Amino acid sequence: MTHFDLTILVIDENAIRASIIEEGLREAGHGKVTVIHEVHGVARIIETLQPDVIVIDIENPNRDMMEHLFQLTRTVGRPIAMFVDRSDSAAIEAAVEAGVSAYIVDGLRKERVKPILDMAVSRFKAFSRLQRELADAKSALEERKLVERAKGILMKMRGFSEEEAFTLLRQTAMNEKKKIAEIAQSVVTAAGLLIR
Amino acid sequence: MNVLTKKSEFRGGKLSTGSALPAPGRICNEGQRTIRAGFIPLVDAAVLIAAAEFGFAQREGITLELVKDVSWANVRDRLAFRQFDIAHMLSPMPVAARLGLGSNPSPTIAPFSLGRGGNAITLSTRIYGLMEEEGRLGGAADPLRNARALAAVVRSAAAAGKPPLTLGVTYPFSSHNYELRYWLAAGGIDPDRDVKLVVVPPPMTSDALSAGAIDGFCVGAPWNMIASERGVGRIVATKQDIWPSAPEKVIGMRPEWAEAKPDTVSRLIVALDRAARWSDVPENRARLAEVLAEDRHLGAPVDIIRRVLAGEFTIDPEGNRRVVENYFVFHAGFANFPRPSQALWIYSQMVRWGQTTLSREGFEASVSAYRPDLYRGALGKDALPADADSSSLEGATDGDRFIDGHVFDPDRIEDYIKSFTVFGKDGVQTPVDDV
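These protein sequences, in sequence, are chains A and B.
Going by numbering that gives the first Met the number 0, the first sequence opens with residue 0, and the numbers climb by one from there.
Going by numbering that gives the first Met the number 0, the second sequence opens with residue 0, and the numbers climb by one from there.
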């Protein structure tokens, strides 16, 4: 018996993250993977699918709904929350920090589930890193646009060259111990108040 | 078989509040006194939030680091796996944990109750209209009649071959689940057969109601008021109507953490006690409402929170008001004392609805979930109710009646459960569907 015959259900409202996990599972050789993005109708899906492992993101308030379901449905076996091995506290912490929770049908051997959880954890982490990078890139772009606008205002109102305008912004930022983008924002705001 | 009728067996044992020893000396060997506390954004987290925000924790030399969470399952797991030191929890959660119920039961104790009140039952305006047609409504003043009117609606719907009503609660081991079931059963409705109970996260309740996904719900503040203000629901009963003394939320912690840090626990209880007293003072409620309303706490409109704290209800879309006396009690009437008899009442309801069975072990496990000894150790004998050392009756005095007039005697749980006409049948549970 290999681990490939495990039936896995992934519930994640974030469609991109869910597909990243799905891809990881398939790469690891799991063929029976079902992904859903909303919990609407999940009871019926669980009943027909009979998953061995359910992976769900920790920010999903519908976890409480799942708990209720497990209380009342006998068909799902006895799913237990998350962690196969309570003594493995490093793995548990990693999962919680990454924002993954999982349910596992009681009695499933831990060697079979551990790689799935590890994979989910690393994909969750990779996803949040990606999101962070994207957010950083976005704000860098915003800042550059802001500085451009402030430069334009200074050039127009004070007759500076582009270089002089930038030097003034940078010098002011240094004097006031602020970021150049913050100074640029003040210039833009002030101009909005003063002009017209 | 009546396993639990001998009073003497439990007197002076687990039910007692422990020895009269004073709080442990304030020794400084417990390292950093920073306590990570998980909470769910609800008005009944007020005492915990007030302790952190208004200097009560600081005065006791501890720092409360509040962490907001989204689900009770998360709170339970993060407490179990040491991400939290303590947590704002539903009063049945430590009992369920001790009984091994739920998907990740891990030993949890409750040395402090966060107060009473806050819950209510709301039905959709459509169902309320049908109840009016049945012509037996009691209005806001008679929640038992409302339950009977709902029973009439439920019977007519069943006779007409319509699907059963769907009602939402927050968690399988919640005061809301047991209160809604209690109210339904008091009106003659079997919560497992006549209606369908589902779990809906509280912030989603009024959307689910207006979309017709559910026909009603029992949740905490401010969600009933929000549904009512939006004109999608009618409040038909409050917790005060069902059982005024019902414990709502508690502070839960791991027993081994409490054992390792007795001084920190003691300081924490003192800080919470002071915060609870402060939160009960009407003049402080405006400031409390402001802090609760902040995004890092509840993130809800401050005027609604202010009115919820005052128990001012807009009960219908026409703007009719009802003021519920003592809708929120944070301290008065020994509201913070973790009464073992209340843990046992919760156990009785778990047995009544088939979540567990009645046994001597279950009885003792339930009692051990609440820790009046820690409460007493921190606050001293004077902070205790007169009947703290006995297994007191619940619902036996005026102002503390159950809606159906039953009296709970913790020493006669089996008789108590049998005295109801509606109860779960031998733990047979019907599969439910989600919304």
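For each residue, glycine too, the CB sits at the ideal point set by N, CA and C.
Since the model is a prediction, treat every value here as computed from it, not as a measurement.
Exposure label - residue i; buried when at least 16 CB within 10 Å
i	result
B:E324	exposed
A:I55	buried
A:K176	exposed
B:P281	exposed
B:K380	exposed
B:T420	exposed
B:S155	exposed
A:N174	exposed
B:G37	buried
B:A285	exposed
A:I91	buried
A:H39	exposed
B:V322	exposed
B:L378	buried
B:P384	exposed
A:A119	buried
B:Q348	buried
A:I194	exposed
B:N319	exposed
B:K238	buried
A:T188	exposed
B:D214	buried
B:A331	exposed
A:D4	exposed
B:P21	In this predicted model, B:P21 has a pLDDT of only 44, less than 50, meaning its place in the structure is not dependable enough to derive any value.
A:T47	exposed
A:M156	exposed
A:D135	exposed
B:R359	exposed
A:G191	exposed
B:L291	buried
B:Q386	The sequence given here has Asp at residue 386 of chain B, not Gln. Its Cβ having fewer than 16 others within 10 Å, B:D386 is exposed.
B:Q82	buried
B:S123	buried
A:K178	exposed
B:G376	buried
7 Å Cβ cutoff met for residue i and residue j
i	j	result
B:A119	B:E133	no
B:L65	B:I34	no
B:T165	B:V197	yes
B:S70	A:R16	no
B:A86	B:V74	yes
B:D408	B:A185	no
B:M224	B:I303	yes
B:I345	B:V94	yes
B:D76	B:I39	no
B:M289	B:V301	Reading the sequence as shown, one finds Glu at residue 289 of chain B and not Met. For B:E289 and B:V301, yes; Cβs fall inside 7 Å.
B:V264	B:A270	no
B:G167	B:T121	no
A:S100	A:I45	no
A:G158	A:F123	no
A:E66	B:P171	yes
B:V249	B:A109	yes
B:S174	B:D399	no
A:V52	A:I103	yes
B:A364	B:L98	yes
B:P422	B:R370	It should be noted that the sequence gives Phe, not Pro, for residue 422 of chain B. No, these two residues do not count as a Cβ contact at 7 Å.
B:E29	B:K260	yes
Rounded distance between the beta-carbons of residue j and residue i, thought under 8 Å
i	j	result
B:V231	B:L208	5 Å
A:K144	A:A164	With 8 Å as the limit, A:K144 and A:A164 do not qualify as a contact, their Cβ atoms being about 15 Å apart.
B:G128	B:D43	So it is not a contact: roughly 31 Å between Cβ atoms.
A:K168	A:A183	Residue 168 of chain A is actually Leu in this sequence, not Lys. Contact holds; Cβ gap of about 6 Å.
B:A96	B:A274	Not a contact, Cβ separation roughly 25 Å.
A:A42	A:L8	Wrong, their Cβ atoms sit about 12 Å apart, outside the cutoff.
B:P337	B:Y374	6 Å
B:V153	B:I188	6 Å
B:A79	B:S102	Not quite, the Cβ-Cβ distance comes to about 11 Å (not below 8 Å), so this is no contact.
B:E228	B:T313	6 Å
May I ask you to list, following chain order, the residues of the region 159-174 of chain A that have a beta carbon less than 8 Å from some beta carbon of chain B? none
Of all the residues that make up the region 37-66 of chain B, which are near chain A by a beta-carbon distance shorter than 7 Å? none
If the cut-off is 7 Å on Cβ atoms, which residues from the region 68-83 of chain B count as contacting chain A, listed in chain order? Taking 7 Å as the Cβ-Cβ cut-off against chain A, the residues of the region 68-83 of chain B that qualify are V69, S70, W71, A72, N73, D76, R77, F80 and Q82.
Fully enclosed by the region 272-340 of chain B, which alpha helix (DSSP H) runs are 4 residues long or longer? Listed in chain order, they are 284-292 and 301-309.
Would you list, in chain order, the members of the region 159-170 of chain B that have their beta-carbon closer than 7 Å to a beta-carbon of chain A? T169 and Y170
Closer than 9 Å, Cβ to any Cβ of chain A: which residues of the region 82-106 of chain B, in chain order? Q82, L100, G101, S102, N103 and S105
Fully enclosed by the region 46-130 of chain B, which alpha helix (DSSP H) runs are 4 residues long or longer? Counting only runs of 4 or more, we get 55-58, 71-79 and 91-97.
Using a Cβ-Cβ cut-off of less than 9 Å, list which residues of the region 196-208 of chain B approach chain A; keep chain order. Cβ contacts with chain A: L196, V197, V198, V199, P200, P201, P202 and M203.
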